[in-house]
Each structure stands twice: as C-alpha cells, then as structure tokens.
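Participant:
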Amino acid sequence: MESTESYAPDELTNRSPEPSESDSAEKQTHVRFLVSNAAAGSVIGKGGSTITEFQAKSGARIQLSRNQEFFPGTTDRIIMISGSVKEVVTGLELILDKLHSELHAEDGSDVEPRRRLRLVVPNSSCGGIIGKGGATIKSFIEESKAGIKISPLDNTYYGLSDRLVTLSGTFEEQMRAIDLILAKLTEDDHYSQNVHSPYSYAAGYNSVNYAPNGSGGKYQNHKEEASTTVTVGVSDEHIGLVLGRGGRNIMEITQMTGARIKISDRGDFMSGTTDRKVSITGSQRAIQQAETMIKQKVDSASERATE
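FYI, in UniProt numbering the residues of the sequence shown are 1 to 307.
1. Note down, one range per segment and in chain order, each beta strand (DSSP E) of at least 3 residues found wholly within the stretch 40 to 126.
2. In chain order, what residues of the same chain have a beta carbon less than 8 Å from the beta carbon of N123, not counting five sequence neighbours either side?
3. If you follow the beta strand (DSSP E) that F33 is in, where does it begin and where does it stop?
4. Please give me, in chain order, every unbroken run of the alpha helix (DSSP H) with length at least 4 that falls completely inside the UniProt domain "K Homology" (226 to 299).
5. Less than 7 Å between C-beta atoms, sequence neighbours within five positions excluded: which residues of the same chain meet that for F70?
6. Of the choices S192, V298, F171, V31, whose alpha-carbon is the least far from that of S232?
7. Tell me the rounded alpha-carbon separation between R245 and S125.
8. Measuring only the C-alpha atoms, how far is K262 from V242?
9. Go to S168, then tell me how far its beta strand (DSSP E) extends in each direction, as first and last residue.
10. Out of I129, G267, A135, V230, which one is the CA nearest neighbour of E237?
11. Distance, Cα to Cα, S271 vs K277?
12. Would you report the Cα separation of A183 and G131, rounded to the nearest angstrom?
13. Is G147 helix, strand or coil by DSSP?
14. Does the pairing of the stretch 130 to 149 with the stretch 35 to 47 give three or more beta-carbon distances under 8 Å?
15. Which of helix, strand or coil does DSSP assign to G131?
16. Mapping DSSP to helix, strand and coil, what is L153?
17. Work out the CA separation of L180 and S139 for me, nearest whole Å.
18. Once the 5 residues before and after K149 are set aside, which same chain residues still bring their CB inside 6 Å of it?
19. By the 10 Å Cβ neighbour count, where 16 or more other Cβ atoms means buried, how is Q296 classified, buried or exposed?
20. Whose C-beta lies closer than 8 Å to the C-beta of G27 among residues of the same chain, with five residues either side of it excluded?
Shown next, in the form of structure tokens:
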C-alpha cells in the first residue's frame, strides 16, 4: 500500500509520545469497540465515503459488524480497526474525533463533555491490563486521567470470551488511555495474532469490508454458506424456556448464531409426540450452534428441577 498522509488533529499534539516513535509502531495489531447504529452510519458516510477516507488517511483496515449484528447483551455494533499500531491509533482518532465533534455540536456547549467508549477485549488479555493487584490499571487511570473499568465475563452468552473495557473521559483522556492499553495488548503475542472479524459470535456473520483503494465505498461480503432447515422437537412444557421472557432467549440465540428459528403453534406437534416443532434455518454451523443453545436452555431447567 502506498504511504498515506498522517492525520493528527492539532489538539492532540501535546499528548504523550506516539507509539510511532518506537519500533513497536510497525507491529500488527487491532482494536474493537462498540458504537450505536446511528454512530455506525456516521462513520460509514454516504456511499461509504467517510470510512473510505479514514482508511486512506490512516492506512488501517476498518470493518463493521452488519446492521442488527450486535455485541451480546447490547444493541451496539462493533467496529474493528487493524493494521500497525500507528495506523490503528490514527484510524481510531479519526473515528472518535468525528463522533465526539458531532456529539459536542449537538450539546451546544463550549465545555467538552466526558464520553464513554467501550472496547472489546478477549478475556485472556484482560489480565495484562489489570496487572498484579490492579497495579497496571491504576497506573493507566492516573496517567490518562480517564476512568477505566473492566466488565466481568458474562457467562450467560454461549461462546462469549470477550469482556468490555469502558473508558470514560474527554476525547483527549480517552486517547491517552487507548495509547496505554493498546501498547500493553500489543505486547501480548496471542492478542496480536488473534485478528478476526469484528463480530465473531454469529456463525452466519458477513462483515462489511470497505476497501481503502478508492473503490467508492463498495464492499465485498464473504461467501455465504448454503442455507438449510432442520426441525427438532421440544416438549410443550419447555417451549417457554426456548422463547424466554418477552422472546429474549430466542432473540439471543438468533443473534448469537445467525440462524432463523420458528416455533410451531400450540397443538402443532411432531408426529406421534407432544413435542412442538422448532424449525432452524441457516448454515450447517449456525443450525448446530442453535441446537446446542436450545438444548442448554432445556437441560439447565431439567437439572434445576431434579436438584
């Protein structure tokens, strides 16, 4: 790739030394963070113009989870920026600067507000950020002046091995905290090698990839697997466990696996049984994951009943 013009807003020039001033600046890394659907649209821009511009300026690759493909337990999409440390930091600056400036303009205040940014970090890498007895995270908070909190791992979501690292503060404070956190994560070879799609929780996921080669914001989707339908039986008394309160469980399974799930009406049973029909449509992997999650819902209730 041809070298691109570096972008650094004037207000960032008084920050601590950029990672580019060390050899580690060229090491390949990535960062993932959550944005609302509206903010994702702002980052993409009309016809992909904004995200294409940001990729050209930073040299980083920027990917988004698709519409309605959220981080488990939230209604936020995921943006992943990958490249060298310098490229990733520059790409993140461009995105956050745009989002912060738009929010600042909406507030109509001259005082820069404190904002919240949620990074997605593998559970296996969070120990390095915390440090022995919390020493590392305390030093990061003192140096950046940003609030930094790490969520516990939420075991209610099947296959989830990521935690949220929440940064609160001004744009400047958040960027200082990101410099420190990213430098620590990049020391972890496992983290640096573990670059995957921004949304790795759903088997049916196709990330939106905007090519930074002036392609006008057009994107290519990964080829979808052939879609099939499998029907399984679930006893009538356990259907409520699959649905969940207000449909929460079935919505979670759908979001996590990418499969579509349809439950037969009352009285419409599998032949010769009193089991309701649960039709699962999607790729073979999506169907297998959905079946596993449904079985877990039913089995957990059965185990509680026998205790």
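Note that beta-carbon positions come from the ideal geometry of N, C-alpha and C, so glycine has one too.
Facilitator: Straight from the coordinates:
1. 61 to 64, 77 to 84, 115 to 122
2. L153, S161, D162, R163
3. 28 to 35
4. 239 to 243, 248 to 257
5. D76, R77, Q255
6. Position check: residue 232 holds Val in this sequence, whereas Ser was assumed. V232 has its Cα closest to that of V298, out of S192, V298, F171, V31.
7. 34 Å
8. 11 Å
9. 162 to 169
10. G267
11. 10 Å
12. 14 Å
13. strand
14. no
15. coil
16. coil
17. 10 Å
18. T166
19. exposed
20. The amino acid occupying residue 27 in the given sequence is Lys; Gly does not appear at that position. Excluding sequence neighbours, K27 sits near S84, V85, T186, S192.
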